[in-house]
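Numbering (our numbering), first residue to last: 91 to 278. Take a look at the structure set out below.
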Amino acid sequence: MNNPAQIKRFIFTGTPGSGKTSCLKKLEKSGYAVIYEAATDVISTEQAKGIEKPWEEPEFVDKITLMQKERQMHSTGNIQFYDRSPFCTYALGKYLAHWKGLEFKPSPVLLDEIDRCLKNGVYQNQIFFFENLGFIEHTDARKISYEDALIFEQIHLDVYKEFGFDIMMVPKELTVIQRCEFILEKVQ
91 MNNPAQIKRF IFTGTPGSGK TSCLKKLEKS GYAVIYEAAT DVISTEQAKG
141 IEKPWEEPEF VDKITLMQKE RQMHSTGNIQ FYDRSPFCTY ALGKYLAHWK
191 GLEFKPSPVL LDEIDRCLKN GVYQNQIFFF ENLGFIEHTD ARKISYEDAL
241 IFEQIHLDVY KEFGFDIMMV PKELTVIQRC EFILEKVQ
């Protein structure tokens, strides 16, 4: 069992399709604990149930938040890398509200999780931000346009600044291996 005081949880965030998952897979192969993005799994699960656009459902953000919390609570390893966090889910909620032309009102579930993470210092204050690569590759879960991805990127930057995180930009011109080396130098 890990000593909770020794666990370091690092958030990877940024633009969709910016290389977060590629780095996480490489780090996982190197023996590090990796916790993958919940939103993609929520989308896949909901689409398997016949819901074509689960991001338009009212409980979408809460489902992501609860899955993230469950994964975080059951993760092991003294150094853990997270593909997104509840703060990203907050940014997603802001983006979805922006997209619908609505005022963003975070749910009690999301606010409680944000509060828990901040009060307990769940994540390291330093986050790794992956900038856009100048294009988007679409997947079943990633259907965002490049233009919208830039808006999404800025919302993420703004949210992490709002919550007081130190943003470490991961150089986009580096290879996956070089990016991993860059990250590991910062976490040691």
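C-beta: ideal position from N, C-alpha, C; glycine also.
Query, Result
"Three-pair Cβ contact test at 8 Å for the stretch 154-165 versus the stretch 173-189", "yes"
"Bridge partner(s) assigned by DSSP for residue 163", "Residue 163 is not bridged to any residue."
"Start-to-end residues for the beta strand (DSSP E) that takes in residue 212", "Element bounds for residue 212: n/a, residue is neither H nor E."
"Expected contact under 8 Å - CB spacing of residue 218 and residue 266 to nearest Å", "With a Cβ gap of about 13 Å, residue 218 and residue 266 do not count as contacting."
"Proximal residues to residue 167 (C-beta, below 6 Å), its chain only, five neighbours per side dropped", "123"
"Residue 91 (DSSP reduced to helix, strand or coil)", "Confidence at residue 91 is low in this model, with a pLDDT of 46, below 50, so the placement of that residue should be treated as unreliable; the coordinate-derived value is given next. Three-state DSSP puts residue 91 in coil, outside helix and strand."
"Pick from 126, 97, 256, 214 that is closest to residue 86, judged by C-alpha positions", "For residue 86 there is no data in the structure shown, the boundaries of the chain being 91 and 278."
"Host alpha helix (DSSP H) of residue 236 (start-end)", "236-252"
"Cβ-based burial, residue 144 [other Cβ within 10 Å; buried from 16]", "buried"
"Segment limits, beta strand (DSSP E) that includes residue 143", "Looking at the DSSP string, residue 143 is not in any beta strand (DSSP E), and its letter there is neither H nor E."
"Three-way DSSP call (helix, strand, coil) for residue 206 in this model", "helix"
"Spatially closest choice to residue 128 from 249, 252, 161, 227, by CA coordinates", "161"
"Beta-carbon separation (whole angstroms), residue 256 vs residue 215, contact threshold 8 Å", "5 Å"
"Beta-carbon proximity of residue 151 to residue 120, cut-off 8 Å", "no"
"Identity of the residues DSSP links to residue 256 by a beta bridge", "216"
"Helix, strand or coil at residue 99 [DSSP, three-state]", "strand"
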